[in-house]
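Peer 1: Here's a structure for you.
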Amino acid sequence: MYLKESKTIVIKIGSSLLIDEKKVIRQRWLDNFAKDINDLVKLKKNIIIVSSGAIALGCKKLNLNKKSIKLDKSQAVASIGQIELMNLFKRVFSKRKINLSQILITLEDTEQRRRAINAKRTLENLFELGYIPVVNENDSIATSEIKYGDNDRLASRVAQISSADCLVLLSDVDGLYSKNPKLFKNAKLISEIRNLDNSIEKIATKSISEYGTGGMRTKIEAAKICQNSGCLMVIANGLKSRPINNIIKNNKCTWFLPKVSKLHARKKWIISSISPKGDIIVDDGAIAALKKGKSLLAAGIKKVNGKFNKGDHIKILNKELTEFARGLASFSSDEIRIIQGKHSNKINELLGYISKSEVIHKDDMVEV
Ligand code: GLU
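Heads up: the sequence shown is residues 3 to 370, going by the numbering used here.
Below, the structure written as structure tokens:
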């Protein structure tokens, strides 16, 4: 039902769905997946596929073991495997006359607003041209410190940037269980989650983190981004032969329902930042002002952690160190260290140049 109502759908598939433990391509599975996609195309859905598999297919091509290769080599392997991945998709999808394109994304592309907007436009133009973008992380370029590393969170950020209605994470389990289903017979599949509270995070980290390529933890992180973006998310078993059809028919999966959000697209992007660069700890007075919708001023700042530049994503914490909001800094961390605790009319004198008076403007801030 949810899928049928969605216009723009992002579907993430992991490497283990494309290639089995013996490094054999799951050709039949991919053929069936293409049938599913064809059905969605007929329903005039906008589709984005986020596919892993560059490293796995590169390893297959070079006859290497994934676990034994070092990072720099794995980047070369990904570059070799990505073309294998796209060749595989193209062979299978062209039989059904489905047009595909490729987009390789880095974390920086999604974290910088201009680049994110540009990616959104490209995706929209591809929909108009009748092409399905196949997205992966640009593993050959991304450095380990600034990298998604898992396509669950990447897919959720792509869903948020493209204002998608639904993200489908095809995994090797049916969804999120109340307990580890391999250990407990009475484990129950949770069919719908409205509130991503601590209890859900505990289930995800304790009981079933060993499942799936990125594990449940990254899937829950992805769910948080989707919830804040007003996007549905579903974890479903991709190993079924017609995985999308199977969700529509049997609904044996876990749905994460979005929060009703009035946030503007830009604010959704701010709150879904993957890699805030630092924290600002503020006093109670500042929290009270922020609650009233005011901007953050230097006077209420007690401490700054991390090194960041003007425009970077940062967290605002209260004095108990609980995250209260996220925003884009109008000053660098070094500048904030000079002006913290001081009245705004002293800023120009303290810094020696004329600048803004808000450390984070209200339009650049979202309460979490
Ligand atoms: N981007 C990686 C690849 O294509 C996979 C990341 C993941 O497993 O989620 O090999």
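Glycine included, each C-beta is placed from N, C-alpha and C at the ideal position.
Apart from the five residues on each side of it in sequence, which residues of its chain come closer than 7 Å, Cβ to Cβ, to R98?
Peer 2: Closer than 7 Å at Cβ, skipping near neighbours: A36 and N40.
Peer 1: Taking S243 and Q162 to be in contact with their CB atoms under 8 Å, please state how far apart those CB atoms are, rounded to whole angstroms.
Peer 2: Actually they do not touch by this definition, with Cβ atoms about 30 Å apart.
Peer 1: My assumption, with CB atoms under 8 Å, is that L20 sits in contact with I27. Please give the rounded CB distance.
Peer 2: Right, the Cβ-Cβ distance comes to about 7 Å (below 8 Å), so this counts as a contact.
Peer 1: Could you tell me the alpha carbon to alpha carbon distance between I1 and E147, rounded to whole angstroms?
Peer 2: Past the edges of the chain, shown from 3 to 370, lies residue 1, and the structure says nothing about it.
Peer 1: Where in the stretch 31 to 119 do unbroken runs of the beta strand (DSSP E), each at least 3 residues long, occur, reported from the N-terminal end onward?
Peer 2: Qualifying beta strand (DSSP E) stretches, in chain order: 48 to 53 and 101 to 107.
Peer 1: Using a Cβ-based criterion (distance less than 8 Å to any ligand heavy atom), does L45 qualify as near the ligand GLU?
Peer 2: Not under cutoff, so the answer is no.
Peer 1: I'd like the ranges of any alpha helix (DSSP H) spanning at least 4 consecutive residues and lying wholly in the stretch 205 to 256.
Peer 2: As far as the stretch 205 to 256 is concerned, its whole alpha helix (DSSP H) runs of at least 4 residues are 217 to 231 and 245 to 252.
Peer 1: Beta carbon of G55: closer than 8 Å to some heavy atom of the ligand GLU?
Peer 2: Within the cutoff, so yes.
Peer 1: Would you call D174 buried or exposed, if buried means 16 or more other Cβ atoms sit within 10 Å of its Cβ?
Peer 2: Classification of D174: exposed, given that the 10 Å Cβ count is below 16.
Peer 1: Beta-carbon separation of G313 and A331 under 9 Å?
Peer 2: Closer than 9 Å, so yes.
Peer 1: Could you give the residue range of the alpha helix (DSSP H) that holds E337?
Peer 2: That run of the alpha helix (DSSP H) goes S335 to I341.
Peer 1: Is the stretch 264 to 272 touching the stretch 244 to 251 in the sense that three or more CB pairs, one from each, lie closer than 8 Å?
Peer 2: Contact between the stretch 244 to 251 and the stretch 264 to 272 is absent, because fewer than three Cβ pairs lie under 8 Å.
Peer 1: Using the Cα positions of D141 and K68, report the straight-line distance between them to the nearest angstrom.
Peer 2: So the alpha carbons of these two residues sit roughly 14 Å apart.
Peer 1: Please report the straight-line C-alpha distance between G280 and L323, rounded to a whole angstrom.
Peer 2: Using only the alpha carbons, I get a separation of about 13 Å.
Peer 1: Does at least one heavy atom of the ligand GLU sit under 8 Å from the Cβ of S275?
Peer 2: It does not: the Cβ of S275 is nowhere closer than 8 Å to a heavy atom of the ligand GLU.
Peer 1: Please indicate yes or no: does the CB of L87 lie closer than 8 Å to some heavy atom of the ligand GLU?
Peer 2: Yes, the Cβ of L87 comes within 8 Å of a heavy atom of the ligand GLU.
Peer 1: Counting Cβ pairs closer than 8 Å, one from the stretch 219 to 238 and one from the stretch 277 to 294, do we hit at least three?
Peer 2: In short, these stretches do not touch, since the Cβ pair count stays below three.
Peer 1: Is N153 a contact residue of the ligand GLU, with contact defined as CB to any heavy atom under 8 Å?
Peer 2: Because some heavy atom of the ligand GLU lies under 8 Å away, the Cβ of N153 counts as near it: yes.
Peer 1: Is D74 buried or exposed, if buried means 16 or more other CB atoms sit within 10 Å of its CB?
Peer 2: Its Cβ having fewer than 16 others within 10 Å, D74 is exposed.
Peer 1: With distances taken Cα to Cα, identify the nearest neighbour of Q29 among T145, S8, L109 and K92.
Peer 2: Out of T145, S8, L109 and K92, K92 has the C-alpha closest to the C-alpha of Q29.
Peer 1: Helix, strand or coil for V160 per DSSP?
Peer 2: If DSSP states are grouped into helix, strand and coil, V160 belongs with the helices.
Peer 1: In the DSSP assignment, what are the bridge partners of M367?
Peer 2: Answer is G329, bridged to M367.
Peer 1: Within its chain, find whatever has a CB closer than 6 Å to the CB of I11; leave out the 5 residues flanking it on each side and keep chain order.
Peer 2: Within the same chain, I11 has close Cβ partners K47, I49 and C168.
Peer 1: Consult DSSP for T324 and reduce its assignment to one of helix, strand or coil.
Peer 2: In this structure, T324 counts as coil in the three-state DSSP scheme.
Peer 1: Could you have a look at Y4 and say whether DSSP puts it in helix, strand or coil?
Peer 2: Residue state, collapsed to three classes: helix.
Peer 1: For the alpha helix (DSSP H) containing I349, name the first residue and the last one.
Peer 2: It spans I349 to L353 - the alpha helix (DSSP H) in which I349 sits, taken as one unbroken run.
Peer 1: Keeping to the same chain, check which residues put their C-beta closer than 6 Å to that of D336; ignore five residues upstream and five downstream.
Peer 2: Result list for D336: empty, nothing under 6 Å.
Peer 1: Among G217, I276, D199 and G343, which has the Cα closest to the Cα of D2?
Peer 2: No statement about residue 2 is possible, as the shown extent of the chain runs from 3 to 370 and does not include it.
Peer 1: Considering just the uninterrupted stretch of the beta strand (DSSP E) at I356, what are its terminal residues?
Peer 2: Looking at the DSSP string, I356 is not in any beta strand (DSSP E), and its letter there is neither H nor E.
Peer 1: Do I303 and I338 count as a contact pair if the criterion is CB distance below 9 Å?
Peer 2: Going by C-beta atoms, I338 is nearer than 9 Å to I303.
Peer 1: Could you compute how far the alpha carbon of N239 sits from the alpha carbon of S96?
Peer 2: If I take the Cα positions, the gap works out to 25 Å.
Peer 1: Following a CB-centred definition, is D286 positioned closer than 8 Å to any heavy atom of the ligand GLU?
Peer 2: No, since every heavy atom of the ligand GLU falls outside the 8 Å radius drawn around the Cβ of D286.
Peer 1: Could you check which residue in R159, Y179, E113 and H315 has the C-alpha nearest to that of I205?
Peer 2: For I205, the nearest C-alpha among the options comes from Y179.
Peer 1: Just curious, the beta strand (DSSP E) that D281 is in, first and last residue?
Peer 2: Element bounds for D281: G280 to V284.
Peer 1: If you drop the 5 nearest sequence neighbours on each side, which residues of the same chain put their C-beta closer than 7 Å to that of E203?
Peer 2: Correct list, in chain order: I222.
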